[in-house]
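Numbering follows UniProt numbering, with no gaps: position 324 of the sequence shown is 324.
For every residue, glycine included, the Cβ atom is placed at its ideal position computed from N, Cα and C.
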Amino acid sequence: MPGRNGFTTGTAAAAAAKAAAMRLLTGTTPESVSVTLPHGDVLYINVYDTTGSYVGVIKDAGSDPDVTDGIEVLARVRRHDGDQGVCVDGGYGVGRVTRPGLQVSVGQSAINPVPRQMIVSAVREVIHDGGIEVEVVVPRGVDCARGTFNPRLGIVDGISILGTTGIVRPMSTEALKATIRCEIDVSFEEDNRMAYLAPGGIGETAMKTLFEGVRVVQFSNYLGYALSYARQKGLNHVVIGGHPGKLAKVLMGYLDTHSSRSPTAVDFIRGFFDLKDNFNTVEEVIQVLRAGGVTAQGGFSFLAAEIAVRLRGEFGFDRVDVCLFDMDRRVIGQGQCTGQPHLTAREEKNGELCSPSDPLAR
């Protein structure tokens with residue numbers, strides 16, 4: 001029986017903010033509001049009045065509840081005479097960022113860029129102009145945050161407001177693997193030589209930008225399973241794209257990249273580049289290296305080539321290409337490993353031709 005979708009804390013905050021804007025404008029609070037999701041779908045969310053000046057939403061995680069399932073997400077909307085834009089901030093129970101390397105700058109509330117834009121858009125559907133302040137509050141956020149990665153990431157005093165699609169889609173392991181097989185089957189029918197794979201939405205979007213018009217198979221955390229099945233189908237060339245925080249785990253010996261089954265790649269990547277400082281996230285490492293010009297010199301391309309070598313050796317493909325992206329979907333490194341001698345090699349490892357920085361060829 002298929003699972004039931006839920007919605008993210010970002011969608012909950014956007015719905016609460018829209019309802020709060022409607023109450024500010026009309027004096028009444030609706031029973032539900034529509035929220036336009038990042039990909040254009042519309043979701044209808046029930047809302048409720050509180051005793052104060054906030055409007056609330058109960059976050060529903062669907063069939064796969066997480067620590068934030070059932071929590072209240074509240075929003076208050078007020079006009080202000082300063083900046084004519086929409087200012088979004090977190091109040092009690094919304095975390096505050098204290099370390100660099102995340103999608104949100106140090107000192108800001110932990111409301112990620114996509115949810116922040118959803119909140120702004122939802123409010124502007126109701127109040128079209130003028131300066132607006134939106135405050136998001138999560139009454140149980142401090143307690144909930146103890147069950148998340150926020151303390152390790154340097155996000156203090158609450159949860160993060162998250163979500164890239166606005167929807168929480170439940171899927172069992174077996175159902176997910178069946179979907180991976182199905183997508184690889186479709187790719188094989190379209191091109192029985194090669195397939196493009198990515199862990200999730202960021203990698204898929206980046207791959208489709210880099211290789212216009214390609215079909216991308218999402219493998220979630222099951223890289224090893226996806227590559228085993230692709231090889232079983234007879235594919236001999238795979239192009240894998242994603243964030244180094246996921247893909248570098250291959251070099252640590254992990255083909256299942258879920259955070260509960262494999263450690264973070266931060267220390268490994270720090271060691272790969274012989275960095276002495278401590279880092280909070282892999283994205284922070286990328287920013288530091290970029291500031292020093294390392295990515296421009298091909299540093300992450302060597303990492304990509306190492307990953308390609310490992311995967312080709314593990315699964316026996318004729319060719320493996322690896323493309324690494326940052327969280328903004330920008331290419332930071334490309335590498336390949338092939339046994340085909342017609343390629344120009346920049347590095348040779350165990351008789352395999354490996355190019356750490358040559359542009360990928362389709």
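Please work out which residues of its chain come closer than 6 Å, Cβ to Cβ, to Y254, disregarding the five sequence neighbours upstream and downstream, and give them in chain order.
Non-local beta-carbon contacts of Y254 in its own chain, meaning distances under 6 Å to residues more than five positions away in sequence, involve S262 in chain order.
From the DSSP secondary-structure annotation, give me the bridge partner or partners of Q334.
DSSP lists C323 as the bridge partner or partners of Q334.
Alpha carbons only, please: which of Q336, R76 and G245 is nearest the one belonging to M327?
The shortest Cα separation from M327 among Q336, R76 and G245 belongs to G245.
P341, DSSP secondary structure in three states
Since pLDDT at P341 reaches only 37, below the 50 mark, its modelled position is unreliable, and no value is offered.
Straight-line Cα distance separating F211 from V282
Approximately 25 Å between the Cα atoms of the pair.
Own chain residues within Cβ distance below 6 Å of R78, not counting five before or after:
Contacts found: E133.
Which of helix, strand or coil DSSP assigns to E190:
The three-state reading of DSSP puts E190 in helix, counting H, G and I together.
Runs of beta strand (DSSP E) wholly within the region 216-247 (minimum 3 residues, chain order)
Correct list: 216-218 and 237-242.
Taking all protein chains shown into account, do 16 or more other C-beta atoms lie within 10 angstroms of the C-beta of E204, making it buried, or fewer, making it exposed?
So E204 ends up on the buried side.
Got a sec, what are the start and stop residues for the alpha helix (DSSP H) R312 sits in?
Element bounds for R312: G299 to F315.
Given a threshold of 16 other Cβ atoms within 10 Å of its Cβ, counted over all protein chains shown, does Q84 qualify as buried or as exposed?
When all chains shown are included, Q84 counts as exposed.
What are the uninterrupted segments assigned as alpha helix (DSSP H) that are 4 or more residues long and contained completely in the region 60-130, given in chain order?
The alpha helix (DSSP H) runs lying completely inside the region 60-130 and spanning 4 residues or more are 113-124, given in chain order.
Use the C-beta contact count for L25: other C-beta atoms within 10 angstroms, 16 or more gives buried, fewer gives exposed.
Exposed is the call here.
Assuming I161 contacts A13 (C-beta within less than 8 Å), just tell me the rounded distance between them.
Between A13 and I161 the Cβ distance is about 5 Å, and since that is below 8 Å, they are a contact.
Start and end of the beta strand (DSSP E) containing V138?
Bounds of any beta strand (DSSP E) do not take in V138, whose DSSP letter is neither H nor E.
Looking at the secondary structure, which residues open and close the alpha helix (DSSP H) in which residue 366 lies?
The shown model of the chain, from 1 to 362, leaves out residue 366, and the question about it has no answer.
Beta-carbon gap between T147 and V67 smaller than 7 Å:
Correcting the residue type first, residue 147 is Gly in the shown sequence and not Thr. In this structure, G147 sits near V67, with a CB-CB distance shorter than 7 Å.
Got a sec? Which residues, its chain only, sit under 8 Å from T28 by beta carbon, not counting five neighbours each side?
For T28, the CB contacts under 8 Å within the same chain, skipping 5 residues up- and downstream, are M22 in chain order.
Just to confirm, are V35 and I45 a CB contact at a threshold of 7 Å?
Yes, Cβ-Cβ distance for V35 and I45 is below 7 Å.
Would you mind working out which of H243, D64 and T98 sits nearest T264, comparing C-alpha positions?
Nearest to T264 by alpha-carbon distance, out of H243, D64 and T98, is H243.
Taking all protein chains shown into account, do 16 or more other C-beta atoms lie within 10 angstroms of the C-beta of C182, making it buried, or fewer, making it exposed?
Counting the other CB atoms within 10 Å of its CB gives C182 a total below 16, which places it among the exposed residues.
May I ask you to report which of helix, strand or coil DSSP gives residue 376?
Nothing about residue 376 can be read from this structure; the chain reaches only from 1 to 362.
In angstroms with no decimal places, state the Cα-to-Cα distance between A15 and S53.
Their Cα atoms are separated by approximately 15 Å.
Could you tell me the alpha carbon to alpha carbon distance between P113 and G316, rounded to whole angstroms?
Going by C-alpha positions, P113 is about 40 Å away from G316.
Name, in chain order, the residues that DSSP records as bridge partners for D49.
Under DSSP, D49 takes part in a beta bridge, and its partners are V55.
Going by DSSP, what residue range makes up the alpha helix (DSSP H) through V285?
Residue range V282 to A291 is occupied by the alpha helix (DSSP H) that includes V285.
Closest to L37 by C-alpha separation, out of R4, G3, T50 and M118, would be which residue?
Among R4, G3, T50 and M118, the Cα nearest to that of L37 belongs to M118.
Less than 7 Å between the beta carbons of R96 and S109, yes or no?
Contact: yes.
Three-state secondary structure (DSSP) at V214?
When DSSP states are grouped into helix, strand and coil, V214 belongs to the coil group.
Name the two residues that bound the continuous beta strand (DSSP E) containing T36.
Segment S32 to T36, the beta strand (DSSP E) holding T36.
Measure the C-alpha to C-alpha separation of D81 and G131 and round it to an integer number of angstroms.
Computed Cα separation, rounded: 6 Å.
Please check the pair T8 and V266, which I expect to be a contact at CB under 8 Å, by giving their CB distance rounded to whole angstroms.
Actually they do not touch by this definition, with Cβ atoms about 25 Å apart.
If residue 367 sits next to L176, beta carbons under 8 Å apart, how far is it from one beta carbon to the other, in whole angstroms?
Given that the chain is displayed from residue 1 to residue 362, the structure contains no residue 367 and the question cannot be resolved.
Would A230 pass as a contact of V239 if the rule is Cβ separation under 7 Å?
No; because the gap between Cβ atoms is not below 7 Å, this pair is not in contact.
Using CA coordinates, which residue listed in L247, K233 and A305 is at the minimum distance from L223?
Cα-wise, what sits closest to L223 is L247.
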